[in-house]
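One structure below.
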Amino acid sequence: MAGNDWINSYLEAILDVGPAIDNTKSSSLLLRERGRFSPTRYFVEEVITGFDETDLHRSWVKAAATRSPQERNTRLENMCWRIWNLARKKKQIEGEEAQRVAKRRLERERGRRDATADMSEDLSEGEKGDVVSDISAHGDGTRSRMPRISSVDAIEAWTNQHKDKKLYLVLISIHGLIRGENMELGRDSDTGGQVKYVVELARALGAMPGVYRVDLLTRQISAPEVDWSYGEPQEMLTPRSSENFMLETGESSGAYIVRIPFGPKDKYIPKELLWPHIPEFVDGALNHIIQMSKVLGEQIGGGQRVWPVAIHGHYADAGDCAALLSGALNVPMIFTGHSLGRDKLDQLLKQGRQSREEINATYKIMRRIDAEELSLDSSEIIITSTRQEIEQQWHLYDGFDLVLERKLRARIKRNVSCYGRFMPRMVVIPPGMEFNNIVVHDSDIDGEPEGNEDNSAHPDPPIWSEIMRFFTNPRKPMILALARPDPKKNITTLVKAFGECRPLRELANLTLIMGNREGIDEMSSTNASVLTTILKLIDKYDLYGQVAYPKHHKQSDVPDIYRLAAKTKGVFINPAFIEPFGLTLIEAAAYGLPIVATKNGGPVDIHRVLENGLLVDPHDQQAIADALLKLVADKQLWARCRQNGLKNIHLFSWPEHCKTYLSRIASCRPRHPQWRRSDDAYENSESDSPGDSLRDIQDISLNLKLSLDGEKGEESAAPDSALDSEESTVDGKSKLESAVLKFSKGVLKTTKRTLSSDRAEQGGSTSKFPMLRRRKHIFVIALDTDSNTDLLEFIQKIFDAAHMAMTSGFIGFILSTSLTISEIHSLLVSGGMNATDFDAFICNSGSDLYYPSSNSSEDMPSATELPFVIDLDYHSQIEYRWGGEGLRKTLVRWTDSVVDKKGENEERIVTEDEQRSTTYCYAFNVNNPTRIPSVKELRKMMRIQGLRCHVVYSHDGTKLHVIPVLASRSQALRYLHVRWGTDLSSMVVFVGENGDTDYEGLLGGVHKTVILRGACKATQSLHLANRGYPLEDVVPFDSPNIVQTSEGCNSNDIQLALGKLGIMKA
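Here the sequence shown stands for residues 27 to 1092, numbered as in our numbering.
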């Protein structure tokens, strides 16, 4: 907006047409009545739904230019009604949000009470600790407590301690345009400070001692509208030269940008449209990491695979990816939010311009918040730039509570169990900078800035003349602002402050570096509106010759821009309404520029350390002008701020950042894929010999034990050792271990007998485990039908469609379902099928993984035993953060509270199903699906109490499964890829039109999907309620990997669908 003067005109118009408004009370809503036009009534009827302030200003301009007083008053009357509607809408939204905040506060307090009630031992005052213990990488955040690394001795000592390590790190940042050199920062809203941060972090980590390789995974973009370099599969990041860090860093492979193809080919799309394609990225990244683990194993692992020590997601979309990769690989996850969805949602709602639904439609904000909640569930460490991010932003999330975190950490210190509850560790590590190439001389502030073309030895940078051409007097100190023309950057308030303060205009010039542009009409509407407003303000205050706003600059020009501002004894300002960190403030300080910065967000922490400027309220225009004038006019204050910044700036160096970063990773409990036997024989053998398979089963029998349906292990009562380490949860292996002796004897006996038989005739069917990797295609039947009859019917149709190929072992089958293993056995028996018709069974909604046993028909298991073996390695993957008995007790207590009152009687809506429950799946029956909370609400209740889990409704909402947070049917498929080397792209997943509430996870990825129309016609409202956003926001239905059959499909229709996917000839 251009100012309040046009709003005053609205008020004047209200006075002018006041009687007309009163007289319209008896008028009808017709456009014309009694020969006169009623603009007010028409506006209320036709236009009241619009309340964008940009439109208001545009309409006011038209009204002000109207010559006829009567027509002008008519237009202004309409504007008055529109402003009234805007105020009314804003008040309504604020009221709804206030109710939501109050409800959230009550829910959190109730969750804390419930969690505390479960943790029986109270805490004394001395054990409560700080509000957020261990919150900062720099102690209490004061400058005196922050460690310094400015001396070569300190660096050398740390280097010698860590250089023998050979760590592999994976960073993920999937949106924007990412490359190592000539970054196009400011090109769009997705290519900003985060892009620079992740690239420089990867580069700095790659140069650290003890780090062998760093991979920065991002999206491969081969679109005509972007540079060809973004389509290169891999790019090595060349390390920055450093005079103070030329020490031996040990053997290193370096840092790389690895681009994974996913999403629309040949098209660059904004981050809001990437959500449906995330599973495809995860599968591609998983394949890269597995291949790299083999390569690094040969280089530095002595033949043993080298897995990442951590996977670090940046922003919500990459956090979602990192959580899925962490679960598939059993590797620690780290997360940095950069900008948080709940905070952005609150800010947008406070503006009152859009409703929650409109915000979600524009920004996909609910999907983003879900990803951030999942990141909290999965992360060992959350890295933030400031305390403000923790105390004012992360506290908005269900998955993090400062008070509960304090209580849990105190219990950990006392070696007392937390009953399955967990809070991630929040660590403040400010972003780093490379300062060694920055040399600041006193001559930088003594020379003349007008130009130095005559001195050929040291010519002025071209960007200097590009800026100074705007100024009448370029010798005046320069006030520098470096930000996109985004409303939240608050540049318009800065221009107003400068324009309305005459002493400031007389003493200084103003330089606005607002990204790169060709024409205003080619910019986004938001950025164009801000830039247009700035140009109008320059004209209004007649600031020509005092304000520079160049159209173009390179990333390499930015240091020269800082130098020019310092040379003129200028000031750098960041007036953003809220700044998550403020990397430009550190950059400016490194070049000797004092700062004026917003008091909201990261600049508070930066100023506490550097003490090189002033903080202001970004909404206070006069305070901004006063702070700038004070620094520009008081040369002693300016010099003191400059020296303070230069003296302390190395506290924000990349070596310091990386040293703290790596020490935090070292505090995580090491986790990586571990099997109880080696897979080398499988990897190196192409033989299909039955004898080899039988020898394999002898090894596997030590790992895969017989599981009786419904049998659960005892909970471990061991106390927690550290909050970062995984809590002692379920030790369900104890009972299974006792059963393995009985099963091993039987399976080895059978193996020997079958082996002798197979030596006589090379034809017997043996272990199916090696066959998983030998199948050319694997058909995953994941139909969530309400009846077993329907499921058997569709299984038979799929078998018939694949009959020609399956007879030669061309195709393998996996059954993926919410059924228990005993229910699967009954299903197979009723359908006349054998367990060996399938290669694997994913059951209990993805919490258990079974394989068919190799027992022969003459040695069938007894009535209490089933012909399956369970994969305990899969359990070791998914048990991370499993709440165990503490979670079960909380769920049972919840079920007792969910009742349906009928008169004086109460009927329980949800009841525990102990018979169907297993160690990693708590099952419940739902008697009235319409009265139960959604998946989102139930997970929220658990998260508030520090419990992490995955909730699945099945059988049209009549069954409820609560399983580990990183367990799911889609994750089980990725586990098979990691464990047995099955090719995800060779899998075909068969689903219905709808399914269980984990249905969406089965549709994306590199695998093929066949949607069988006519199957599983459950109500879609159940899924929408559980997500809060439409399925199209998370599933790429336009993907060539997803096909649908005709209604009421048969085996021929399935064959046609498989033909479209290129699986077999139709």
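Yeah, the Cβ is synthetic: ideal placement off N, Cα and C, and Gly gets one too.
Note that the coordinates shown come from a computational prediction; the quantities given were computed from them, not determined experimentally.
Inclusion of Leu1038 and Cys1075 in the CB contact set at 8 angstroms is warranted, their separation being smaller than that value. Bounds of the beta strand (DSSP E) holding Asn535 are Asn535 to Ile539. Arg919 and Leu322 have their C-alpha atoms roughly 49 angstroms apart. Leu132 is classed as exposed because its beta carbon has fewer than 16 other beta carbons within 10 Å across all chains shown. Judged by DSSP in its simplified three-state form, Asn208 adopts coil rather than helix or strand. Within a 10 Å sphere around the beta-carbon of Glu431 sit 16 or more other beta-carbons, which makes this residue buried. Runs of the beta strand (DSSP E) lying entirely within the stretch 418 to 466, each at least 3 residues long, are 451 to 454 in chain order. Looking at Val924, Lys514, Phe524 and Asn860, the one whose alpha-carbon comes closest to that of Ser215 is Lys514. About 14 angstroms separates the beta carbons of Leu402 and Pro358, which is beyond the 8 angstroms limit, so they are not a contact pair. A contact is defined here as three or more CB-CB pairs under 8 angstroms, and the stretch 416 to 431 meets this definition with respect to the stretch 361 to 381. Counting along the chain, the unbroken alpha helix (DSSP H) around Arg799 starts and ends at Met797 to Arg800. Secondary structure remark: continuous alpha helix (DSSP H) runs of at least 4 residues inside the stretch 840 to 866, in chain order: 847 to 856. For Ile316, same chain residues with a beta-carbon under 7 angstroms away, outside a window of 5 residues either side, are Val1004 in chain order. Asp1009 and Tyr1001 have their C-alpha atoms roughly 11 angstroms apart. Assignment of beta-bridge partners to Cys869 by DSSP yields Asp874. Residue state for Tyr948 is assigned as strand, using DSSP reduced to three classes.
The Cβ atoms of Asp427 and Gly912 lie no closer than 8 angstroms to each other.
In the DSSP assignment, Met359 falls within the unbroken beta strand (DSSP E) covering Met359 to Thr362.
Three or more pairs of CB atoms, one per stretch, sit closer than 8 angstroms, so the stretch 892 to 912 contacts the stretch 850 to 869. With contact defined as three or more Cβ pairs closer than 8 angstroms, the stretch 518 to 538 and the stretch 483 to 492 are not in contact. For Ile295, the three-state secondary structure derived from DSSP is coil. Counting C-beta atoms within 10 angstroms of its own C-beta, Phe1063 has fewer than 16 neighbours from the protein chains shown and is therefore classed as exposed. Under the criterion of beta carbons closer than 8 angstroms, Val1017 and Ala808 qualify as touching, at roughly 5 angstroms.
Pairing Leu300 with His314, the inter-Cα distance amounts to about 20 angstroms. Cβ contact annotation for Val1015 (same chain, cutoff 6 angstroms, sequence separation greater than five): Val806, Ala808, Leu1028, His1033 and Thr1035, in chain order.
Under the 10 Å beta carbon count, Trp1006 is surrounded by 16 or more other beta carbons and is classified as buried.
For a cut-off of 8 angstroms, the C-beta gap from Pro699 to Asn356 is around 6 angstroms, short enough to register as a contact. By the beta-carbon neighbour count (other beta carbons within 10 angstroms, threshold 16), Val855 is exposed. Within the stretch 277 to 332, the complete beta strand (DSSP E) runs of at least 3 residues fall at 280 to 286.
Shortest Cα-Cα distance from Gly1021 to any of Met1013, Gln997, Ala993 and Leu1057 involves Leu1057. Distance between Glu417 and Ile1080, taken at the CA atoms: about 54 angstroms.
One Cα belongs to Ser255, the other to Glu210, and the distance between them is close to 12 angstroms. Counting along the chain, Tyr588 sits inside the alpha helix (DSSP H) bounded by residues Val584 to Lys593. Nearest in C-alpha terms to Asn499, of all of Lys433, Lys580 and Thr594, is Thr594. Trp908 is bridged by DSSP to Arg974.
Per DSSP, reduced to three states, the secondary structure at Asn626 is coil, with no helix or strand assignment.
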